[in-house]
Amino acid sequence: MKKKATRKRQTHVHEFEGSTKLAEEGADRHNHRFAGVTGQAIRSGKSHIHEIDLSNTDFLDHFHNLKKIKTGPAIPVGNGKHVHFVTGMTTENDEHRHQFNFATLIDRPLV
90 MKKKATRKRQ THVHEFEGST KLAEEGADRH NHRFAGVTGQ AIRSGKSHIH EIDLSNTDFL
150 DHFHNLKKIK TGPAIPVGNG KHVHFVTGMT TENDEHRHQF NFATLIDRPL V
């Protein structure tokens, strides 16, 4: 008896871009920029979330990662579209971390 192949249903992803908050003091005070695409939707209660796993921010003598960051639930914005709010901390590098807050872009912007 052959096993029936199971297919994972593809859901959707969101693009995102943002800037970290400033870190360090004096001449070392700086922030970083980043952009990427979330992972597939993950069911969470009556909504869903996404995971973000970004390898590198921009490079200013060092970089940071956004690892295993989870978005908030879907926030409807009209016409059946939604975004997600994201808040968290980067990985540590050069003896500091950065906080960030941003909203993803809408899902399926051209559809």
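Just so we're aligned, residue 90 is where the sequence shown starts under this note's numbering, counting upward by one.
The beta-carbon is built from N, C-alpha and C at its ideal position, and this holds for glycine as well.
Residues near residue i in its chain [Cβ-Cβ closer than 8 Å; skip 5 each side]
{"i": "Ser133", "result": "Pro162"}
{"i": "Ser144", "result": "Asn154"}
Distance CB(residue i)-CB(residue j) smaller than 9 Å
{"i": "His103", "j": "His153", "result": "no"}
{"i": "His173", "j": "His121", "result": "no"}
{"i": "Phe191", "j": "Gly107", "result": "yes"}
Nearest candidate by alpha-carbon position, reference residue i, set the options
{"i": "His101", "options": "Lys170, Arg186 and His151", "result": "Lys170"}
{"i": "Glu184", "options": "Ala112, Arg197 and Gln129", "result": "Ala112"}
{"i": "Asp142", "options": "Thr127, Ile131, His151 and Lys110", "result": "Thr127"}
{"i": "Thr146", "options": "Ala116, Asn182 and Val175", "result": "Asn182"}
{"i": "Gln99", "options": "Val175, Ile131, His151 and Gly167", "result": "Ile131"}
Close-in-space but distant-in-sequence residues of the same chain around residue i (CB under 6 Å, 5 per side omitted)
{"i": "Leu149", "result": "His119"}
Between the CA atoms of residue j and residue i - distance to the nearest angstrom
{"i": "Thr193", "j": "Phe105", "result": "5 Å"}
{"i": "Leu199", "j": "Pro165", "result": "17 Å"}
{"i": "His137", "j": "Gln129", "result": "10 Å"}
{"i": "Phe189", "j": "Lys97", "result": "32 Å"}
{"i": "His151", "j": "Val175", "result": "23 Å"}
{"i": "Asn168", "j": "Gly115", "result": "46 Å"}
Anticipated Cβ contact below 8 Å, residue i with residue j, distance rounded
{"i": "Lys159", "j": "Thr180", "result": "Lys159 to Thr180, Cβ: 15 Å. No contact."}
Same chain, Cβ closer than 7 Å to residue i, five either side skipped, listed in chain order
{"i": "Lys110", "result": "Asn120, His187, Gln188 and Phe189"}
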